[in-house]
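Residue numbers (the numbering used here): 2 to 417.
Beta carbons: idealized from backbone N, C-alpha and C, even for Gly.
In this text the structure is predicted, and so the values were computed from the model without any measurement.
To keep things clear, I will list the structure first and then write my remarks on it.
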């Protein structure tokens, strides 16, 4: 059934998707240029910038439990607006952060906004959609986020060519895009409100910590998340050092991944909805492990011009793992969260990503120094263990969390 744009639910979905696209464009500008961006605007040393970003990131991570409480108190929409507004304010302030305390304060504002964005975004998706429609909206969100990241990365390259003026321009663009995203979210409205607290249930994080099935899927995600961090941290070093690819071609792997996820995210999510969420997510982890085995074999089997084709083929296999795992795993995290504590649950789940991203540079750096087989063997074991935990969790999760039920009323309205 085709829905018209006059329906409030359709307008809400379109605005949320547009906000995701705009904010991911900002992420695409900032992430590749982080150190250069801050160094140019503040003239601080790279060492002090790195230390400041680490401190700000850890403080932002510590703020995650508070984010969950705020989401449950005020709703995902309000917290997401505040998170995007914090990021806009932080980037607007960067050109004026000449002292180290000012830099730390600005970096903290940006970090808190960044870490709070994901759980509040997913909580809002949980508020405006139910069941299989949530999975569709998550698929559109992830697909367009990758498209936005790719466009932002191209813009980052053009801005960097203009030196200090370009970085000032980047600050203006970043502040603008996150402000626009906040306005778009402010124009959305929840379709499915959260339920009142059921009688006799425990409140707050005590209930989260007592929810063994949810802790299982969170632990599984922590292990599998290292597969995602590999692309940005370990893979470029491996390809240039061990496979002998030029630096520029190593970046092509990221471009292939971004393009494929943007183009195939929604069709793949549609296919995975036919399976149980736990099994589909576990299959994605198994494909990750296969790609790691293929990467490990590359230096021993391929050389010269053939290496480029082989690397891109394995990169496509790696991306298939991401495509198959991402949608059902996100669906699990939202479906398994009770409405009245959705913020606390999703903030706890987000910690599995955040802690992984915080610890991954140390672990992957150690494994890169240890050797080729150590890196890929440990990563394969981690994601396969995560897959096994997901399959075990299927036995204790409620049926409505594991199985996807196709919505009957105008589910295609997201982009029609």
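Check                                                                                                                : Outcome
N-terminal and C-terminal residue of the alpha helix (DSSP H) that residue 142 is part of                            : 132–161
Minimum Cβ-Cβ distance from residue 333 to chain D less than 8 Å                                                     : Going by chain labels, chain D is absent from the structure shown, which holds only one protein chain.
Assigned secondary structure, residue 188 (DSSP; H/G/I helix, E/B strand, else coil)                                 : coil
Per-residue DSSP class, three states only, for residue 243                                                           : helix
Extent of the continuous alpha helix (DSSP H) to which residue 370 belongs                                           : 343–371
Cβ neighbour criterion (16 or more within 10 Å) applied to residue 146                                               : buried
Endpoints, the alpha helix (DSSP H) within which residue 67 is located                                               : 65–75
Where residue 29 sits in the DSSP three-state scheme                                                                 : helix
Selected residue, minimal CA-CA separation from residue 274, among 326, 290, 309, 231                                : 326
Contact check, residue 126 vs residue 23, beta carbons under 8 Å                                                     : no
Reduced DSSP secondary structure (H/G/I, E/B, other) of residue 398                                                  : coil
Rounded separation between residue 141 and residue 345 - CA only                                                     : 24 Å
Local conformation of residue 45 per DSSP, three classes                                                             : coil
Same chain, Cβ closer than 6 Å to residue 387, five either side skipped, listed in chain order                       : 221, 224, 225, 286
Cβ-based neighbour list, residue 384, same chain, cut-off 6 Å, excluding 5 preceding and 5 following                 : 225, 228, 286, 289, 290
For residue 347 and residue 70, the rounded distance between their alpha carbons                                     : 11 Å
Helix, strand or coil at residue 99 according to DSSP, with G and I counted as helix                                 : coil
Residue 185, buried or exposed, once every other Cβ within 10 Å from all chains shown has been counted against 16    : buried
Buried versus exposed, by CB contacts within 10 Å (16 or more), residue 1                                            : Because the chain in this structure spans residues 2 to 417, residue 1 falls outside the shown range and cannot be described.
Pairwise C-alpha distance: residue 362 and residue 368                                                               : 10 Å
Three-state class that DSSP yields for residue 212 in the structure shown                                            : coil
Other residues of its chain near residue 110: CB distance less than 7 Å, five sequence neighbours each side excluded : 87, 90, 91
Inter-residue CB distance, residue 122 and residue 81 (contact presumed, cutoff 8 Å)                                 : 6 Å
First and last residue of the uninterrupted alpha helix (DSSP H) at residue 288                                      : 278–302
Neighbour-count burial assignment, residue 204, 16 or more Cβ in a 10 Å radius                                       : exposed
Cβ shell of residue 95 (< 6 Å), same chain only, five flanking positions each side left out                          : 42, 107, 172
Buried versus exposed call for residue 44 [16 or more other C-beta atoms within 10 Å across all chains shown]        : exposed
7 Å Cβ shell around residue 244 - same chain, five flanking residues per side excluded                               : 299, 300, 308, 312
For residue 339, three-class secondary structure by DSSP                                                             : coil
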